[in-house]
Amino acid sequence: MQVFTISSVGEARRELSRSSLDVDSFIQLVNELLPRYLSPETAEKAAVSIRLARYFQTNGLLDEPFKEGREARYGARHVLQLLAVRRLMANGYSTGSLSDLLRGASDDALQRLIEGETPRFEASAPSQAQPASNEALDFLAQVRKRSESAPMPPPMSAPVSRSMVPPPPPAPPQPPPPPQSSNWTRTPIGQGIEVHIRDDSQTPQSPHEWDVLVEAFKEAVNGSSPPGAKKRRR
1 MQVFTISSVG EARRELSRSS LDVDSFIQLV NELLPRYLSP ETAEKAAVSI RLARYFQTNG
61 LLDEPFKEGR EARYGARHVL QLLAVRRLMA NGYSTGSLSD LLRGASDDAL QRLIEGETPR
121 FEASAPSQAQ PASNEALDFL AQVRKRSESA PMPPPMSAPV SRSMVPPPPP APPQPPPPPQ
181 SSNWTRTPIG QGIEVHIRDD SQTPQSPHEW DVLVEAFKEA VNGSSPPGAK KRRR
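Read left to right, the sequence shown gives residues 1 to 234 (our numbering).
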């Protein structure tokens, strides 16, 4: 195991501008830097492996490594990309929502994402950091704003008294409707974690509904079912 003296992404950028890492050292450095930008408990859960890094690479969240002979080598940009992905995923963003946002982001933008204050993690911790200002977080804020400002359905009119409406003629018996099928989309969001979304599901319409959904997801991942959920036995 290599011994690193790098303690921040800024130092990683300077050090790796003159060198590169093999895959084992790359994963080791990222995991050593995670507690710097996440709470200790979250950093432990967000630890990455070679397999997970290759999954992010397949989904466009991590650049292809460059080659030195037959060996894959990783530089400062790879470290920035992987740290940015884990930090944003720790705050509730899925790999699907991050793919287009992080692809092509500059190294400076990635560093601001890693070092910038994010809504859920640092609300209770003293920090002088300012929110990251870049196209990725701006887009995510716009998506949530559009969802929260979507028009509510018009209120239903008052029911008409039954005494004012003549009873309808008896209808002939109808055969029972065929069972409706539903389609589900499986979205991997982390190592061993998938979200199943039904095609007729509704997006949360308020900040409270978003928070309830995020908390239910966190409880499910931590091993406790949200209220009303049943654990499936395999």
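Glycine included, each C-beta is placed from N, C-alpha and C at the ideal position.
Small disclaimer: the values here were computed from a predicted structure and weren't measured.
#1: Is it the case that the Cβ atoms of V30 and V79 are separated by a distance below 7 angstroms?
#2: For T5 and Y55, what's the separation of their Cα atoms in angstroms?
#3: Classify A123: buried if its beta carbon has 16 or more other beta carbons within 10 angstroms, exposed otherwise.
#4: Based on the DSSP output, what are the partners of T187 in its beta bridges?
#5: Nearest by alpha-carbon distance to G192: which of A47, G69, S25, E32 is it?
#6: Is P126 helix, strand or coil by DSSP?
#7: Using only alpha-carbon positions, find the residue among A76, T42, L21, N59 that is nearest to R14.
#8: Excluding five sequence neighbours on each side, which residues of the same chain lie with their C-beta closer than 8 angstroms to the C-beta of S8?
#9: Report the residue from E71, I197, P169, G60 whose alpha carbon sits nearest the alpha carbon of G104.
#10: Could you spell out the range, first to last residue, of the alpha helix (DSSP H) harbouring F66?
#11: So, with DSSP's three-state summary, where would you put Y74?
#12: Decide if R112 is buried, meaning its Cβ has at least 16 other Cβ atoms within 10 Å, or exposed.
#13: Whose C-alpha, out of S182, I27, M89, P40, is nearest the C-alpha of D199?
#14: For Q2 versus S20, is the C-beta distance shorter than 7 angstroms?
#15: Among I114, A90, S17, E115, whose alpha-carbon lies nearest the alpha-carbon of E41?
#16: Go through its chain and collect everything with a Cβ distance to T95's Cβ below 6 angstroms, but skip five positions before and after it.
#17: Check this for me: beta carbons of R87 and I50, under 7 angstroms apart or not?
#18: Please state the DSSP three-state secondary structure of R120.
#19: Assuming Q81 and L110 are in contact, meaning their beta carbons sit under 8 angstroms apart, how far apart are those beta carbons, in whole angstroms?
#20: By Cβ distance below 7 angstroms, which residues in the same chain neighbour A72 in space, the five residues on each side in sequence not counted?
#21: Using three-state DSSP, classify L62 as helix, strand or coil.
#22: So the alpha helix (DSSP H) L104 belongs to, where does it begin and stop?
The answer reads as follows:
#1: To locate residue 30, count along the sequence shown from 1; it is residue 30. To locate residue 79, count along the sequence shown from 1; it is residue 79. Against a cut-off of 7 angstroms, the Cβ pair of V79 and V30 comes out as a contact.
#2: As a first step, residue 5 must be located in the sequence shown, where it is residue number 5. As a first step, residue 55 must be located in the sequence shown, where it is residue number 55. About 28 angstroms.
#3: For the purposes of this step, residue 123 is taken as residue 123 along the sequence shown, with counting starting at 1. Model confidence at A123 stands at a pLDDT of 35, short of 50, so the residue's coordinates are unreliable; what they give is reported in the following sentence. Classification for A123: exposed.
#4: Walking along the sequence shown from the start, residue 187 turns up at place 187. BP columns for T187 point to V195.
#5: Residue mapping note: residue 192 aligns to position 192 of the sequence shown, counting from 1. Considering only alpha carbons, the answer is A47.
#6: Looking up residue 126 in the sequence shown gives position 126. Because the pLDDT at P126 is just 36, under 50, the model does not fix this residue reliably, and the point stays unresolved.
#7: As a first step, residue 14 is located in the sequence shown; it is residue number 14 there, counting from the start. Nearest of A76, T42, L21, N59 to R14, Cα basis: A76.
#8: The residue labelled residue 8 in the question sits at position 8 within the sequence shown. Taken in chain order, the residues that qualify are L33, R36.
#9: Against the sequence shown, residue 104 aligns to sequence position 104. In terms of CA proximity to G104, G60 leads the group E71, I197, P169, G60.
#10: Indexing the sequence shown from 1 puts residue 66 at position 66. F66 -> not in any alpha helix (DSSP H); beta strand (DSSP E) instead, spanning 66 to 68.
#11: The residue labelled residue 74 in the question sits at position 74 within the sequence shown. DSSP places Y74 in strand when its eight states are reduced to three.
#12: Locating residue 112 in the sequence shown gives position 112, counting from the first residue. Result: buried.
#13: As a position in the sequence shown, residue 199 is number 199, starting the count at 1. S182 is the residue among S182, I27, M89, P40 whose C-alpha sits nearest the C-alpha of D199.
#14: Taking the first residue of the sequence shown as 1, we reach residue 2 at position 2. Taking the first residue of the sequence shown as 1, we reach residue 20 at position 20. For the 7 angstroms CB-CB criterion, Q2 and S20 do not form a contact.
#15: Taking the first residue of the sequence shown as position 1, residue 41 is located at position 41. Ranking the options by Cα distance to E41, first place goes to A90.
#16: Within the sequence shown, numbered from 1, the residue matching residue 95 stands at position 95. Excluding sequence neighbours, T95 sits near N59, I189.
#17: Along the sequence shown, read from residue 1 onward, the residue named residue 87 stands at position 87. Along the sequence shown, read from residue 1 onward, the residue named residue 50 stands at position 50. Not in contact: R87 and I50 (Cβ atoms no closer than 7 angstroms).
#18: For the purposes of this step, residue 120 is taken as residue 120 along the sequence shown, with counting starting at 1. Residue placement at R120 is poorly supported in this model, since its pLDDT is 36, which falls under 50; the coordinates are not used for a value here.
#19: Here residue 81 refers to the residue found at position 81 of the sequence shown. Here residue 110 refers to the residue found at position 110 of the sequence shown. Right, their Cβ atoms sit about 6 angstroms apart.
#20: Position 72 of the sequence shown holds residue 72. Taking A72 as the centre and dropping the five residues before and after it, the same chain places the C-beta of V23, P65 closer than 7 angstroms to its C-beta, in chain order.
#21: Translated into positions along the sequence shown, residue 62 becomes position 62. DSSP places L62 in coil when its eight states are reduced to three.
#22: For this step, residue 104 is matched to residue 104 along the sequence shown. With the sequence shown as reference, residue 104 is identified as Gly, and Leu is not the correct amino acid for it. Unbroken run through G104: none, as it is neither H nor E.
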